[in-house]
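*Asks:*
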Amino acid sequence: MRKPRNLEIIEKVEPGIWKARDKNLNQFLYFIQVSKRTKGSKKQRLTRQATTDGVIRARAKKAALLTELNQECIHGPKITFGDFLTSEYLPYINVKKRPSSVIRERSAISAHFLPKLKDRPIFHINQRECEDLINEAAKNKSSQTRKHLIIHLSNVFKLAVRQRVIVNNPCDLIERPVVETCDPKVLNQQQMQALLDYLGEHYPIMFYHVSVSFFTLARAGEVRALTWGDIDFQENQIDISKTLDPKSGLQLFTKNKKSRKVWINPPLHQILMELREETYAGPTSPVLPYWREFASGEQGKPLKIICRSLGLPEIRYHDLRATGITLMLCKGEALPVVMKTAGHKRLSSTQVYLRLSGVETTGSTDSIALKIRQPESKSFSTNLSQETKSNDKIIRLPDRHTVKKEINE
Numbered sequence: 001m002r003k004p005r006n007l008e009i010i011e012k013v014e015p016g017i018w019k020a021r022d023k024n025l026n027q028f029l030y031f032i033q034v035s036k037r038t039k040g041s042k043k044q045r046l047t048r049q050a051t052t053d054g055v056i057r058a059r060a061k062k063a064a065l066l067t068e069l070n071q072e073c074i075h076g077p078k079i080t081f082g083d084f085l086t087s088e089y090l091p092y093i094n095v096k097k098r099p100s101s102v103i104r105e106r107s108a109i110s111a112h113f114l115p116k117l118k119d120r121p122i123f124h125i126n127q128r129e130c131e132d133l134i135n136e137a138a139k140n141k142s143s144q145t146r147k148h149l150i151i152h153l154s155n156v157f158k159l160a161v162r163q164r165v166i167v168n169n170p171c172d173l174i175e176r177p178v179v180e181t182c183d184p185k186v187l188n189q190q191q192m193q194a195l196l197d198y199l200g201e202h203y204p205i206m207f208y209h210v211s212v213s214f215f216t217l218a219r220a221g222e223v224r225a226l227t228w229g230d231i232d233f234q235e236n237q238i239d240i241s242k243t244l245d246p247k248s249g250l251q252l253f254t255k256n257k258k259s260r261k262v263w264i265n266p267p268l269h270q271i272l273m274e275l276r277e278e279t280y281a282g283p284t285s286p287v288l289p290y291w292r293e294f295a296s297g298e299q300g301k302p303l304k305i306i307c308r309s310l311g312l313p314e315i316r317y318h319d320l321r322a323t324g325i326t327l328m329l330c331k332g333e334a335l336p337v338v339m340k341t342a343g344h345k346r347l348s349s350t351q352v353y354l355r356l357s358g359v360e361t362t363g364s365t366d367s368i369a370l371k372i373r374q375p376e377s378k379s380f381s382t383n384l385s386q387e388t389k390s391n392d393k394i395i396r397l398p399d400r401h402t403v404k405k406e407i408n409e
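For the sequence shown, this note's numbering gives the first residue as 1, with consecutive numbering after it.
(1) Mind pulling the beta strand (DSSP E) runs of 3 or more residues that sit fully within the region 179-255?
(2) So, are the CB atoms of Leu85 and Val13 less than 9 angstroms apart?
(3) Specify, as a first and last residue, the run of the alpha helix (DSSP H) that Arg321 falls within.
(4) Of all the options Pro289, Asn6, Val161, Gln190, which has the alpha carbon lying nearest to the alpha carbon of Pro204?
(5) Between the C-alpha atoms of Thr227 and Ala111, what's the straight-line distance to the nearest angstrom?
(6) State the DSSP-derived secondary structure class of Phe28, mapped to helix, strand or coil.
(7) Could you spell out the range, first to last residue, of the alpha helix (DSSP H) harbouring Leu268?
(8) So, under 8 angstroms CB-CB, Leu412 and Leu196 are touching, yes? Tell me the CB distance rounded to an integer number of Å.
(9) Would you call the CB atoms of Tyr446 and Leu159 closer than 9 angstroms?
(10) Pick out whichever of Lys3, Ile17, Asp245 has its Cα sitting closest to the Cα of Phe294.
(11) Going straight from the alpha carbon of Val262 to that of Asp230, what length do you get?
(12) How would you label Lys258, buried or exposed, when you count the other beta carbons within 10 angstroms and need 16 or more for buried?
(13) Are there 16 or more other CB atoms within 10 angstroms of the CB of Phe233, so buried, or fewer, so exposed?
(14) Considering Lys304, what are the terminal residues of the beta strand (DSSP E) in which it resides?
(15) Could you check the C-alpha separation between Lys340 and Asn265 for me, to the nearest Å?
(16) With respect to the alpha helix (DSSP H) encompassing Ala20, which residues constitute its N-terminal and C-terminal limits?
(17) Figure out for me which residue from Gly343, Leu199, Leu275 has the closest Cα to the Cα of Thr254.
(18) Could you pull out every residue in the same chain whose Cβ sits closer than 7 angstroms to the Cβ of Ile125, ignoring the five residues on either side in sequence?
(19) One question on the structure: do Leu335 and Leu347 come within less than 9 angstroms of each other, judged by their Cβ atoms?
(20) Val179 and Lys141: beta carbons closer than 9 angstroms?
(21) Given a cut-off of 9 angstroms on the beta-carbon distance, is the pair Tyr420 and Leu303 in contact?
(22) Measure the beta-carbon distance from Gln193 to Leu312 and round it to whole angstroms, keeping in mind my assumption that it falls under 8 angstroms.
(23) Applying the 10 Å Cβ sphere with the 16-neighbour rule, what's the burial state of Leu199?
(24) So what's Gln386 in DSSP terms, helix, strand or just coil?
(25) To which residues of the same chain is Lys345 closer than 6 angstroms at the C-beta, ignoring the five residues directly before and after it?
(26) Answer with buried or exposed for Met273, where buried requires no fewer than 16 other C-beta atoms within 10 angstroms of its C-beta.
(27) Nearest-angstrom Cα distance between Thr284 and Glu298?
(28) Quick one: using the 10 Å Cβ neighbour count with 16 as the cut-off for buried, is Thr181 buried or exposed?
(29) Taking Leu149 as part of the alpha helix (DSSP H), name the residues at either end of that continuous run.
(30) Once DSSP output is grouped into helix, strand and coil, what is the label at Glu14?
(31) Thr350 to Gly332, Cα distance in whole Å?
(32) Name the one or two DSSP bridge partners that Leu7 has.
Here it is in structure tokens:
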């Protein structure tokens with residue numbers, strides 16, 4: 001056993017743990033030393049040492065050192081977080097996830113975690129270190145951002161555990177914030193009409209984008225990827241089969257990876273005919289004219305400003321889709337029709353819009369209005385808790401103890 005010179009061994013507590021005295025500080029402590037031989041052609045003995053001030057902490061430290069040695073004996077001491085990220089994790093998510101998800105996850109890890117963890121052995125990274133990095137990255141950010149940062153970092157360690165590079169995921173015990181989901185804001189029919197009238201008069205390019213998004217119930221990426229080859233004027237339908245990511249510029253499948261047909265109603269037909277004169281240059285040319293905010297994914301900001309100036313609810317751009325779905329349900333359209341038009345895979349996704357503020361509730365309980373008899377006396381001084389009068393006879397009401405006894409019997 002090799003021990004530091006400042007330690008004087010007193011007794012052996014158990015294999016790998018000794019009780020010792022520090023000569024310099026003149027205090028008692030516990031000395032831990034574990035060792036293990038590596039496998040392969042070049043065998044060598046790896047040793048780890050530590051000291052602590054309690055036998056319980058000494059046993060925990062011994063278990064941690066043995067776990068670290070086991071990983072070094074199997075994989076070698078030079079597997080760093082950066083090496084595992086580039087050689088294992090990024091190729092894995094390139095196959096399993098959508099390209100837009102890969103870009104966002106890779107950007108978040110590279111910006112917030114890779115500079116500090118790049119040269120760190122992956123089995124040396126602990127929970128405290130991960131939590132400090134997440135707290136620094138999520139400072140002054142929303143709970144949604146913090147949750148996604150935890151998920152991104154945890155996914156790297158989750159793959160490392162699956163490949164037996166490490167034993168435990170250091171992010172498993174980090175508390176994830178509860179993100180409160182709120183229903184989207186919607187406009188009623190009169191408010192939507194006022195918005196379209198104002199945009200048509202003052203912002204014609206924005207009018208075309210908003211109206212096409214509203215009438216087709218399409219997501220922003222699906223409208224961005226819409227070309228003239230997707231519009232069939234003979235069948236009076238629009239084929240929505242792809243989406244365009246504004247950050248990566250990649251053309252991808254729709255959210256549920258399925259195409260759908262949307263009916264062209266008369267006002268949408270008129271708008272498309274106007275756009276055809278302006279933007280048609282072939283089947284692959286985009287339907288909508290260029291709008292800088294829409295191309296960069298910032299179309300929600302000017303929409304909120306205009307809604308605020310008109311005294312309307314400040315909706316997001318995606319809420320145009322929610323407004324269209326809600327108005328269809330208010331008009332009595334069947335749920336299967338709305339689901340197919342909106343591209344919802346589950347019924348629960350469509351049922352959310354039944355609870356929105358766009359559903360008119362005034363007079364909704366008139367259908368259950370019954371005729372109520374007028375009371376003969378408006379005096380409320382009579383105590384009816386234990387007795388009541390009917391036809392000059394006193395009817396005794398049973399108390400709660402009697403009722404409970406009868407139920408038990």
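For each residue, glycine too, the CB sits at the ideal point set by N, CA and C.
*Replies:* Based on what the coordinates show:
(1) 237-240
(2) As a first step, residue 85 must be located in the sequence shown, where it is residue number 85. As a first step, residue 13 must be located in the sequence shown, where it is residue number 13. No, these two residues do not count as a Cβ contact at 9 angstroms.
(3) Start at 1 with the first residue of the sequence shown, and residue 321 comes out as number 321. Counting along the chain, the alpha helix (DSSP H) containing Arg321 begins and ends at 319-330.
(4) Translated into the one-based positions of the sequence shown, residue 204 becomes position 204. Here the closest residue by C-alpha is Pro289.
(5) Translated into positions along the sequence shown, residue 227 becomes position 227. Translated into positions along the sequence shown, residue 111 becomes position 111. Approximately 35 angstroms, taken between the alpha carbons.
(6) Along the sequence shown, one-based indexing puts residue 28 at 28. Three-state DSSP puts Phe28 in a strand.
(7) Translated into positions along the sequence shown, residue 268 becomes position 268. Segment 266-279, the alpha helix (DSSP H) holding Leu268.
(8) Nothing can be reported for residue 412, as the shown portion of the chain is limited to 1 through 409.
(9) One cannot answer for residue 446 here, as it falls past the ends of the chain, which runs 1 to 409.
(10) As a working note, residue 294 is residue 294 in the sequence shown. Checking every option, the nearest Cα to that of Phe294 belongs to Asp245.
(11) The residue labelled residue 262 in the question sits at position 262 within the sequence shown. The residue labelled residue 230 in the question sits at position 230 within the sequence shown. Distance between the alpha carbons of Val262 and Asp230: 11 angstroms.
(12) Against the sequence shown, residue 258 aligns to sequence position 258. Lys258 should be labelled exposed.
(13) Against the sequence shown, residue 233 aligns to sequence position 233. Flag for Phe233 reads exposed.
(14) Sequence index remark: in the sequence shown, residue 304 carries index 304 (1-based). In this chain, Lys304 is not harboured by any beta strand (DSSP E); it is covered by the alpha helix (DSSP H) spanning 300-309.
(15) Taking the first residue of the sequence shown as 1, we reach residue 340 at position 340. Taking the first residue of the sequence shown as 1, we reach residue 265 at position 265. Going by C-alpha positions, Lys340 is about 16 angstroms away from Asn265.
(16) As a position in the sequence shown, residue 20 is number 20, starting the count at 1. That residue, Ala20, is in no alpha helix (DSSP H); its beta strand (DSSP E) goes 17-22.
(17) In the sequence shown, residue 254 corresponds to position 254, counting from 1. When only C-alpha atoms are compared, the closest one is Gly343.
(18) Counting from 1 along the sequence shown, the entry for residue 125 is found at position 125. If we look at Ile125 and ignore the five residues flanking it on each side, its Cβ neighbours are Phe81, Leu117, Pro170.
(19) On the sequence shown, residue 335 is found 335 positions in, with the first residue counted as 1. On the sequence shown, residue 347 is found 347 positions in, with the first residue counted as 1. Contact flag set, yes.
(20) Mapped onto the sequence shown, residue 179 falls at position 179. Mapped onto the sequence shown, residue 141 falls at position 141. Cβ atoms of Val179 and Lys141: not closer than 9 angstroms.
(21) Residue coverage of the chain in this structure runs from 1 to 409, which leaves residue 420 outside it and unanswerable.
(22) Residue numbering aside, residue 193 sits at position 193 when the sequence shown is read from its first letter. Residue numbering aside, residue 312 sits at position 312 when the sequence shown is read from its first letter. Contact flag wrong, Cβ pair sits at about 11 angstroms.
(23) Position 199 of the sequence shown, counted from the first residue, corresponds to residue 199. Buried is the call here.
(24) Taking the sequence shown and counting its residues from 1, the one referred to as residue 386 is at position 386. At Gln386, the pLDDT of 47 sits below 50, so the modelled position is not reliable; the number obtained from the coordinates is stated separately. In the structure shown, Gln386 sits in coil (DSSP, three-state: anything other than H, G, I, E or B).
(25) Here residue 345 is taken as the residue at index 345 of the sequence shown, counted from 1. If we look at Lys345 and ignore the five residues flanking it on each side, its Cβ neighbours are Asn256.
(26) Against the sequence shown, residue 273 aligns to sequence position 273. Looking at its Cβ environment, which holds fewer than 16 other Cβ atoms inside 10 Å, Met273 is exposed.
(27) Taking the first residue of the sequence shown as position 1, residue 284 is located at position 284. Taking the first residue of the sequence shown as position 1, residue 298 is located at position 298. Taking the straight line joining both Cα atoms gives about 24 angstroms.
(28) The residue you call residue 181 lines up with position 181 of the sequence shown. Within 10 angstroms of the beta-carbon of Thr181 lie fewer than 16 other beta-carbons, which makes it exposed.
(29) Numbered from its first residue, the sequence shown carries residue 149 at position 149. Looking at the DSSP string, the run of the alpha helix (DSSP H) that includes Leu149 is 143-162.
(30) Taking the sequence shown and counting its residues from 1, one reaches residue 14 at position 14. Correct three-state label for Glu14: strand.
(31) Here residue 350 corresponds to residue number 350 of the sequence shown, with the count starting at 1. Here residue 332 corresponds to residue number 332 of the sequence shown, with the count starting at 1. Approximately 14 angstroms between the Cα atoms of the pair.
(32) Walking along the sequence shown from the start, residue 7 turns up at place 7. For Leu7, which the question treats as bridged, DSSP gives the partners Asp22.
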